[in-house]
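Chemist:
Residue numbers (the working numbering): 216 to 363.
1) Just grab the DSSP bridge partners of residue 250 for me.
2) Among all the DSSP beta bridges, which residues are the ones paired with residue 323?
3) Which residues mark the beginning and the end of the beta strand (DSSP E) in which residue 288 is found?
4) Roughly how many angstroms lie between the CA atoms of residue 354 and residue 296, to the nearest whole one?
5) What's the C-alpha gap between residue 359 and residue 309?
6) Per DSSP, which one or two residues make a beta bridge with residue 348?
7) Would you list the residues sitting across from residue 275 in a DSSP beta bridge?
8) Which residues bound the beta strand (DSSP E) around residue 255?
9) Residue 216 to residue 320, Cα distance in whole Å?
10) Residue 270 by DSSP, collapsed to three states: which one?
11) Using only alpha-carbon positions, find the residue among 269, 261, 271 that is nearest to residue 279.
12) Taking a contact to mean a Cβ-Cβ separation below 8 Å, would you say residue 250 touches residue 314 in this structure?
13) By Cβ distance, which residues of its chain are closer than 7 Å to residue 336, with the 5 residues on each side in sequence left out?
14) Out of curiosity, what's the CA-to-CA distance linking residue 259 and residue 277?
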């Protein structure tokens with residue numbers, strides 16, 4: 216199981232520059248959890264205590280707005296969720312619900328932030344991942360403006 220978790224982490228761009236030894240430490244800090252379709256992994260507004268890496272299955276990311284749940288994304292294996300609240304030390308900005316049965320790796324905020332401090336390459340990976348998300352969001356925003 217540990218080698219499978221390390222292999223999964225190795226494939227993710229955020230962890231691409233981290234050594235195998237350090238990835239093993241990260242994998243050991245993770246809890247492997249199982250969820251069934253409909254389970255809530257993250258509730259919008261709750262304290263961000265962990266981030267999650269999807270091993271298998273899919274989730275829907277939703278945001279409550281005026282009593283309605285707006286689906287922002289559907290994510291699958293390899294997706295990292297909850298990191299914005301963990302890094303910014305703010306409540307989760309969206310809810311995340313299991314769309315199918317899931318297996319996830321969960322790492323607590325304290326453990327993750329400690330690893331980020333110790334591993335500059337992990338910090339750079341996190342910066343790159345967040346920058347990619349900003350670019351994707353900008354592209355979506357631009358496309359939405361062109362459609363109106």
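Where a beta carbon is used, it is the ideal one built from N, C-alpha and C, also for glycine.
Please read all numbers here as calculations on a predicted model, not as lab measurements.
Modeler: Taking the coordinates as given:
1) Walking along the chain shown from the start, residue 250 turns up at place 35. Paired residues: 317.
2) For this step, residue 323 is matched to residue 108 along the chain shown. According to DSSP, which records beta bridges pairwise, residue 323 is partnered with 265.
3) Counting from one through the chain shown, the residue named residue 288 turns up at place 73. Looking at the DSSP string, the run of the beta strand (DSSP E) that includes residue 288 is 283-290.
4) On the chain shown, residue 354 is found 139 positions in, with the first residue counted as 1. On the chain shown, residue 296 is found 81 positions in, with the first residue counted as 1. Taking the straight line joining both Cα atoms gives about 20 Å.
5) Against the chain shown, residue 359 aligns to sequence position 144. Against the chain shown, residue 309 aligns to sequence position 94. When rounded, the distance between both Cα atoms is 20 Å.
6) As a first step, residue 348 is located in the chain shown; it is residue number 133 there, counting from the start. Its beta-bridge partners do not exist; DSSP assigns none.
7) Taking the first residue of the chain shown as 1, we reach residue 275 at position 60. Its beta-bridge partners are 289, 312.
8) To locate residue 255, count along the chain shown from 1; it is residue 40. Segment 255-257, the beta strand (DSSP E) holding residue 255.
9) Within the chain shown, residue 216 is the residue found at index 1, counting from 1. Within the chain shown, residue 320 is the residue found at index 105, counting from 1. Cα to Cα, the separation comes out at about 11 Å.
10) Translated into positions along the chain shown, residue 270 becomes position 55. The answer is strand: DSSP assigns residue 270 an E or B state.
11) Counting from one through the chain shown, the residue named residue 279 turns up at place 64. Cα-wise, what sits closest to residue 279 is 261.
12) In the chain shown, residue 250 corresponds to position 35, counting from 1. In the chain shown, residue 314 corresponds to position 99, counting from 1. Cβ distance not < 8 Å, so residue 250 and residue 314 don't count as in contact.
13) Mapped onto the chain shown, residue 336 falls at position 121. Contacts found: 232, 233.
14) The residue given as residue 259 occupies position 44 in the chain shown. The residue given as residue 277 occupies position 62 in the chain shown. Answer to the nearest angstrom: the Cα atoms are 8 Å apart.
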